[in-house]
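Only one structure is covered here, and it is reproduced in the block below.
Protein chains: 2
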Amino acid sequence: MIAPMDARRMDDRQGSIRKGRKFDQVLDGARTIFLRDGFEGASVDDIAREAGVSKATLYAYFPDKRLLFMEVAKGECARQADEALQVLDLTAPPEVVLRGAAERIVAFLSSDFGQKMFRICVAESDRFPALGQEFYQSGPLLVRERLADYLRLAVGRGELAIDDIDLAADQFAELCKADLHARLIFGIAAEATARDARRTIDGAVEMFMARYGMAARKLA
Amino acid sequence: MIAPMDARRMDDRQGSIRKGRKFDQVLDGARTIFLRDGFEGASVDDIAREAGVSKATLYAYFPDKRLLFMEVAKGECARQADEALQVLDLTAPPEVVLRGAAERIVAFLSSDFGQKMFRICVAESDRFPALGQEFYQSGPLLVRERLADYLRLAVGRGELAIDDIDLAADQFAELCKADLHARLIFGIAAEATARDARRTIDGAVEMFMARYGMAARKLA
DNA sequence: CCAAATCTAAACCGATTGGTTCAGATTACA
DNA sequence: TGTAATCTGAACCAATCGGTTTAGATTTGG
């Protein structure tokens with residue numbers, strides 16, 4: 346039951362709203378409960394209990410439930426994005442880079458955190474617009490931008506032929522969901538088997554290369 | 346304020362649980378409120394008021410809120426699916442058939458109903474598993490099956506070359522979401538412009554044909 | 001026209017919620 | 001040490017919720 350709060354004691358404490366010493370406890374507890382029960386489903390009392398903090402303290406840090414959730418979501422998405430899209434050798438052939446990217450995307454979609462956060466943000470994003478936008482920007486949009494950066498690189502190298510880079514990036518990300526995402530999100534499958542993942546990833550890479558690889562250009 | 350309840354007075358009244366004359370009123374009211382407020386967000390009192398019916402009557406038809414929502418979702422999804430995937434000339438060239446299918450898929454994703462139902466089902470599908478499964482079966486799965494049927498046809502005709510038909514169908518459906526679905530779902534864009542829709546649809550058809558069209562086979 | 005089926009309105013229940021308040025304990029800091 | 005900041009715990013609030021009950025009105029069909 347010991348929360349892993351290692352290297353984040355005095356880092357991102359810029360213009361935030363914290364005042365005291367139990368800031369991290371609150372955030373950790375909130376993350377646990379929100380991920381377990383969703384946004385509406387999570388009660389503030391539960392969060393305070395899990396955090397080992399009085400409700401008064403919690404409300405001293407975060408003026409309301411939404412702000413608290415936003416903070417949790419923001420931090421966690423940034424963390425996931427950082428540690429996911431780091432170690433990719435962008436000089437490798439497109440098939441290799443794309444496969445690596447696909448593996449990371451699939452891993453995120455399949456993860457417990459990815460699924461629950463997606464669910465919550467989708468659910469709440471019309472009565473709570475700021476949340477949807479925040480998630481979109483630090484999720485799908487970020488992935489698209491990184492992918493687009495690489496695609497531009499590969500096009501410059503003559504490895505790929507793409508006119509609408511943004512569209513291509515979105516298409517690839519979307520292909521990585523095929524058959525997997527819906528089954529997970531709607532609870533048809535509890536988790537993605539390695540076989541399913543491989544099938545989707547292979548399919549995505551092959552399709553992308555068929556469309557944008559240089560081999561196809563011989564026909565044009 | 347007159348609900349359009351035309352040709353469904355004495356049709357699907359098989360083994361259901363109705364007893365009286367205000368069945369349709371309840372369902373119509375429930376649909377309105379559920380679509381406006383979501384599942385958790387909708388209060389049974391609101392539904393009864395909108396339906397012009399007492400709460401006691403409502404509970405005489407539907408033992409609880411979930412059953413009521415399931416009935417609404419089931420009926421509405423079936424209706425949408427029927428009227429959407431009907432008028433397609435399957436003998437036309439693949440580019441044409443696929444474009445037609447893509448247009449319908451995009452239209453559904455962009456529709457108010459499509460968005461709200463998706464949101465609700467995603468949100469509720471882990472604390473309410475039957476709902477997620479019901480939606481998956483009468484939504485994504487149904488689309489995939491119809492698409493797969495057509496693809497098999499086209500492959501038999503020698504117009505396409507596909508080994509994993511189910512995967513191809515999923516890929517196509519997924520490509521139709523590129524850049525559109527996320528922006529709508531997370532409230533970045535209020536609605537899809539005709540230009541955006543065309544871009545996504547063209548992109549999906551071109552990519553699919555590049556991968557599975559007969560032209561590509563010349564290389565293998 | 002009467003009796004059975006259906007519907008109504010409103011009161012009611014127990015539970016839960018997000019959020020507030022406050023007197024007093026604990027901590028940090030100088 | 002002393003004082004200011006921080007934290008506690010529990011009581012409290014108003015509101016909302018899904019669902020039940022009941023006594024009586026309305027409709028239906030024979």
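Chains as they are written, first to last, in this note's numbering: chain A, 346 to 565; chain B, 346 to 565.
Each residue gets a CB set at the ideal place from its N, CA and C atoms; glycine is no exception.
Opposing strand residues paired with residue i [DSSP bridges]
i	result
L505 of chain A	A:G558
Residue range of the unbroken alpha helix (DSSP H) whose run includes residue i
i	result
L443 of chain A	P439 to S455
P474 of chain B	P474 to S483
F368 of chain A	F368 to D382
K400 of chain A	K400 to Y406
Q516 of chain B	I510 to L520
D391 of chain B	V389 to A396
F414 of chain A	K410 to A429
M530 of chain A	The amino acid at residue 530 of chain A is misidentified as Met; the sequence shows Ile. Run containing I530 of chain A: H526 to I530, per the alpha helix (DSSP H) assignment.
Under 7 angstroms by beta carbon: chain A residues contacting residue i
i	result
E385 of chain B	E385
A527 of chain B	Y481 and P485
D508 of chain B	Neighbours of D508 of chain B on chain A: none; closest Cβ ~10 angstroms, over 7 angstroms.
D369 of chain B	Per Cβ cutoff of 7 angstroms: no residues; D369 of chain B is ~27 angstroms from chain A at best.
Proximal residues of chain A, C-beta to C-beta of residue i below 8 angstroms
i	result
Q478 of chain B	F531, G532 and I533
E551 of chain B	R556
Within chain B, partners of residue i - CB distance below 7 angstroms
i	result
L433 of chain A	Per Cβ cutoff of 7 angstroms: no residues; L433 of chain A is ~22 angstroms from chain B at best.
A523 of chain A	L512, D515, Q516 and E519
D391 of chain A	Within 7 angstroms Cβ-Cβ: nothing; D391 of chain A doesn't reach chain B, min ~15 angstroms.
D373 of chain A	Chain B residues near D373 of chain A: none, gap ~22 angstroms exceeds 7 angstroms.
Chain B residues whose Cβ lies nearer than 9 angstroms to that of residue i
i	result
V467 of chain A	F463, R464, V467, A468, I530 and F531
D457 of chain A	Here the premise fails: no neighbours, minimum Cβ distance about 11 angstroms.
Contact list for residue i against chain A, beta-carbon separation under 9 angstroms
i	result
D427 of chain B	Under the 9 angstroms cutoff, chain A gives no residues; its nearest Cβ is about 21 angstroms from D427 of chain B.
Residue i: CB within 7 angstroms of a non-hydrogen atom of the ligand PLP
i	result
G445 of chain B	The ligand PLP is absent from the structure shown, which contains no ligand whatsoever.
For this session: Specify whether the segment 500-507 of chain B and the segment 512-520 of chain A touch according to this definition: at least 3 beta carbon pairs, one from each stretch, less than 8 angstroms apart.
Result: no
Check whether the segment 420-432 of chain B and the segment 426-435 of chain A are in contact - that is, three or more C-beta pairs closer than 8 angstroms. no
Mind listing which residues of the segment 473-498 of chain B have their C-beta closer than 7 angstroms to chain A's C-betas, in chain order?
Residues are counted here when their Cβ sits less than 7 angstroms from a Cβ of chain A; for the segment 473-498 of chain B these are P474, G477, Q478, F480, Y481 and P485, given in chain order.
Whether or not the segment 371-380 of chain B and the segment 391-405 of chain B are in contact is what I'm after, with contact meaning three or more pairs of Cβ atoms, one per stretch, closer than 8 angstroms; do they touch? Segments in contact, yes.
*Counting pairs of beta carbons, one from the segment 471-489 of chain B and one from the segment 535-553 of chain B, are three or more of them closer than 8 angstroms?*
no
Exercise for review: Can you give me, in chain order, the residues of the segment 536-549 of chain A that have a beta carbon less than 7 angstroms from any beta carbon in chain B?
Suggested key: R544 and G548
Are the segment 496-503 of chain B and the segment 527-540 of chain A touching, with three or more C-beta to C-beta distances below 8 angstroms?
no
Counting beta carbon pairs with one atom in the segment 402-419 of chain B and one in the segment 469-478 of chain B, are three or more of them shorter than 8 angstroms? yes
* Residues of the segment 405-423 of chain B with a CB closer than 9 angstroms to any CB of chain A: list them in chain order, please. => none
- Query: At a cut of 8 angstroms, does the segment 394-404 of chain B reach the segment 365-372 of chain B through at least three beta carbon pairs?
  - Reply: yes
Three-pair Cβ contact test at 8 angstroms for the segment 446-461 of chain A versus the segment 535-545 of chain A
yes
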